[in-house]
Amino acid sequence: MDSIMSQVAHPLNSAKRSKRKTFILLAVVAWLAFVNYWLYFYRNSDTYRETSISSIYFDESKTEPATNNDESKEDTNAIGNDLVNHVSFKLLQEKSGIQDIRGVDSHSTNYNKIFKDHDVNSILSSLDFRERCDLYFLNLYASDPNWYINPNEDLPVPMKDQYDFDRFRHDKMNEVKEEIAKEKNIEKDDVPEDNVVEERIKKKYQEMWEVTKRTEQKSTDYVSHFRIFNKCFITADDHDQQVKTSRYVNQQKKLLKSIEKSVGADGFKTFALSPDEERVDSKSFDSCAQLESRIYPWLSPSFPVYERWNGKISMTPPVMSKYVKDKRVFKHTNEKARNSRNAGTKYHSKLTGGKNCFLNNLKNSMNGRGIVLSIGDKHVDDTVRLIHLLRALGNTYPIEIVYNDDISKETKTKIVNAARSGDVALPSSYHKVADYFTDDFLAKGKLPPQEVWFVNAHNVIQDNYKGKFHGFANKFLAALFNSFEEYILIDADTIMVQNPDFYFNLKGYVAKGAYFFKDRTAPQFRQVSDGVFFKKISPSIIDSAMFDIPIITEHTLQSSYFDGMTHYMESGLLLIDRNRHFNSVLMMMQMNFMKPVTSRSYGDKEIIWLAFATNGDESYHFNKYYAAAIGTLTPDVQRLTKDGKPKLAKEICSAHPGHISEDDGSLVWFNSGYHTCGQLHKVNYEKEAEKQSRFTQFKTAEQFRTFYEEPLTITHAIIPPFKDKLETLCENTIEEPKEGWTMDRDYCNSYMWCAYSRIGGPTKDDTDNTQEGQVFKFEKKDTELFKFYGDVWVGME
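If you're matching positions, the sequence shown starts at 9 in my numbering and goes up one per residue.
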């Protein structure tokens, strides 16, 4: 606490030298002025707009349906609406130094009950972190002894894409006319657009809006429960967290006490449990399982089955040092975070009987670094090729394949053979790159064998929730139930073109412990209201004050997702250090159950990084470059203007989004396998050969088949220009591309994307909207290695 705080906390109660006396008096006066400013300003203002019909989703000038006043809820709503503007919360937010640019704040309704029964300052100035945790969950039990978060609950999203009343009115007009016509036994065209129609449309709008508000508030409640439980009970044994939260609470108490004394108040109310809270016997909780099962009812408190490549089975996470000798596997990117894990004092909560949760035990059993992927039987061919590639890359990190009881013995056998066999033939292209590898690359005359484990997560899921885990959800199982502290999570068709050690040494990963990559900036858009939803479920001002869970900042909000771009993250490869981010991984898992979340993300992509932000964890890093098109430049002679001049923009048409390292400009990885076209079994080769709008050197279906089956040739990469959503279309008068990305549906089963190094030019109104992107040309060594890796992956002899 600063010097002013300490002096305010000690009144002028003794005669001292004149200069010191004057200084202290001035400090007190200044502090009193500051406090009075807060008291006046924040008691007479609302920083955040309430959720109403004319909320942030709407143009308030639009017509609104009439609102209903439910007097039975008036007291609770008043408490909820006033809470965020309470002077103490305002003061603490200001003292945090975090600029709040969200424009909306939504908090758990559980706080409404807590602060209906307790004065804000009685809690903030009296309770330590553990006591606040217990109070929060005690009130959930007091409100409903049978409370739990149901992953199967249907949270309807009736207005995700339709918040504007005029648009709603237009879309519903025919429906309402048909209803009235049926009621009156007349033709629809005979129904006038009168007040009867208008009022019915307004009623429907009101009903849908009320459903939307309930869904969003439930989402806020559930996510609040997740992040508070995880911080209170899962990472509560973390030494650094204990030190930080203790310091935070103590400074908070000192600040509020100094205000209390400075303004001459009679004192804050003494904290005491309310009658409702006293009804719940906190001594009756004998373990964490009772509380944990309310937050994670889908979770069976048992570890997955870990099966080594040789068939040996472990019922707990394996200690990798028994099987792997490479010291890099056991290096910790952040030693402080690793040493802090499970190093705090024993956490004594009345609601857990002072015992660990299952997830504590899972967290504390993590060890080493490795590569993780989630597959089913249909991914076996890509997985075999991936393992061949990892061997060619000289990988020494263990690999864990996480599955949900859905891979066969035959699949495992194929993978083990790929990982351990000495019969993997090197392609002829190896001779051109042999000098780039170390002398021990082919130790014992074969590529390095891989330490492969199969992790069956089936038994960690309660039977009545097993249906929730399929498709993309299995990726979240892999993120949570692998045994590593730090891992590279990849898809089966991901192509790594660097030794895995390269990824763990990326500067952004070392700094933050979570490293993500951006997707293409293709001109595909979402409702801006999607971003507003995530602002609403993100940590609130009250979460920050009560539990030191910071609100999200520009770090998150500046992303193009919040600007309305459909795709922001490419999730085919990512890195996470769970010593620093275990709770954010848990948040991913939970958010995947929520329809209001999944309806705003294509598969797993946006859920991953938004789970971090929603957890109040902005210690993640995105590679600064958006995805590139990789391959070969289209020859200039195939890109001529009407008057026969080469176009200024360079073009690459490719089915593969690639990623360029911000550290050194190298190609890091790409997606969709190594075949030139990753849609081999879906392509109509005869039809595509007839098009002749590009790839004109191939005339027949067979030639196209051969071309598509070959490894992608990589000499260049293009990252198209991108400013923001509003400037993705640059019409011009000189025949240059108007968009950075276009999909050519004529090729690779409509999966061919063309990228351009520049867009725009002179316009009809005598302006110039040119935007420049970036072209990367790879060195001879790189292209030779890409050729070798491609031959290994495809299996060319």
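We put the beta carbon where it would ideally sit given N, CA and C, even for glycine.
#1: With the cut-off set at 9 Å, would you say S227 and L163 are in Cβ contact?
#2: By Cβ distance, which residues of its chain are closer than 8 Å to A351, with the 5 residues on each side in sequence left out?
#3: For Y569, does the count of other Cβ atoms within 10 angstroms reach 16, so buried, or fall short, so exposed?
#4: Which term fits E816, buried or exposed, when burial requires 16 or more other beta carbons within 10 angstroms of its beta carbon?
#5: Which of the three DSSP states is assigned to Y797 in this structure?
#6: Using a C-beta cutoff of 9 Å, does N467 count as contacting chain D?
#7: Locate the beta strand (DSSP E) running through E494, then write down its first and last residues.
#8: Less than 6 Å between C-beta atoms, sequence neighbours within five positions excluded: which residues of the same chain meet that for M504?
#9: Under 9 Å between the Cβ atoms of G768 and E744?
#10: Got a sec, what are the start and stop residues for the alpha helix (DSSP H) A427 sits in?
#11: Buried or exposed: which applies to T775, given that a residue is buried once 16 or more other Cβ atoms fall within 10 Å of its Cβ?
#12: Can you name, in chain order, every residue of its own chain whose Cβ lies under 8 Å from the Cβ of V165, other than the five neighbours on each side?
#13: Does the contact criterion of 3 or more C-beta pairs under 8 Å hold for the segment 723-736 versus the segment 648-656?
#14: Of the residues K417, K386, R377, A519, which one's Cα is nearest the Cα of P406?
#15: Between which two residues does the alpha helix (DSSP H) containing H439 stretch?
#16: The beta strand (DSSP E) with Q6 in it runs from where to where?
#17: Quick check on DSSP: helix, strand or coil for H589?
#18: Where does N258 land, buried or exposed, given buried means 16+ other C-beta within 10 angstroms?
#19: Based on Cα-Cα distance, which residue from Q214, T649, F590, F601 lies nearest to F834?
#20: On the DSSP bridge assignment, give the partners of H667 in chain order.
#21: Pop quiz: F512 and E493 are said to be a contact at Cβ under 8 Å. What is the actual Cβ separation, rounded to whole angstroms?
#22: Please report the straight-line C-alpha distance between K731 and K121, rounded to a whole angstrom.
#23: Among the candidates K422, G402, Q458, D443, whose CA atom is the shortest distance from the CA of E408?
#24: With a 10 Å radius around its C-beta and 16 neighbouring C-beta atoms as the bar for buried, classify D471 as buried or exposed.
#25: Is the CB-CB distance between S104 and L264 below 9 Å?
#26: For N147, name the three-state secondary structure that DSSP assigns.
#27: Which residues in the same chain have their Cβ closer than 7 Å to the Cβ of G384, if we skip the five residues on either side of it in sequence?
#28: So, do the segment 150-159 and the segment 561-580 have three or more beta carbon pairs nearer to each other than 8 Å?
#29: Which stretch, first to last residue, makes up the beta strand (DSSP E) that contains T750?
#30: Is it right to say Y144 is buried, meaning 16 or more other beta carbons lie within 10 angstroms of its own, or is it exposed?
#31: One question on the structure: do V800 and L434 come within less than 9 Å of each other, judged by their Cβ atoms?
#32: DSSP has S322 in a bridge; who is on the other side?
#33: Please classify P73 as buried or exposed, where buried requires at least 16 other C-beta atoms within 10 Å of its C-beta.
#34: Beta strand (DSSP E) containing F525: first to last residue?
#35: Does the distance from the CB of Y693 to the CB of H667 come in under 9 Å?
#36: Do the CB positions of P312 and V424 come within less than 9 Å of each other?
The short version:
#1: Between S227 and L163, the CB-CB gap stays under 9 Å.
#2: The residues are D245, D246, H247.
#3: The Cβ neighbour count for Y569, taken over all protein chains shown within 10 Å, is at least 16; the residue is labelled buried.
#4: Any property of residue 816 remains undetermined from this structure, which presents the chain solely from 9 to 805.
#5: helix
#6: Protein chains in the displayed structure number just one, and chain D is not present.
#7: Where E494 is concerned, the enclosing beta strand (DSSP E) starts and stops at 494-498.
#8: Spatial neighbours of M504 in its own chain (CB-CB distance under 6 Å, excluding positions within 5 residues in sequence) are listed in chain order as W677.
#9: yes
#10: 417-428
#11: By the 10 Å Cβ count, T775 comes out exposed.
#12: The beta carbon of V165 is closer than 8 Å to those of T220, T223, K603, P604, S607 in its chain, skipping five residues each way along the sequence.
#13: no
#14: R377
#15: 438-441
#16: The displayed coordinates of the chain run from 9 to 805. Any statement about residue 6 would go beyond what the structure contains.
#17: helix
#18: Per the 10 Å Cβ criterion, exposed.
#19: Residue 834 cannot be examined here, being either before or after the span of the chain that is shown, 9 to 805.
#20: W677
#21: Not really, about 11 Å apart at Cβ, beyond 8 Å.
#22: 45 Å
#23: Q458
#24: exposed
#25: no
#26: helix
#27: Correct list, in chain order: Y411, D414, I415.
#28: no
#29: 749-752
#30: Buried: at least 16 other Cβ atoms inside 10 Å.
#31: yes
#32: Partner(s): Y314.
#33: With a pLDDT of 40 at P73, under the threshold of 50, the modelled position of this residue cannot be trusted; read the value that follows with caution. Classification for P73: buried.
#34: 522-526
#35: no
#36: no
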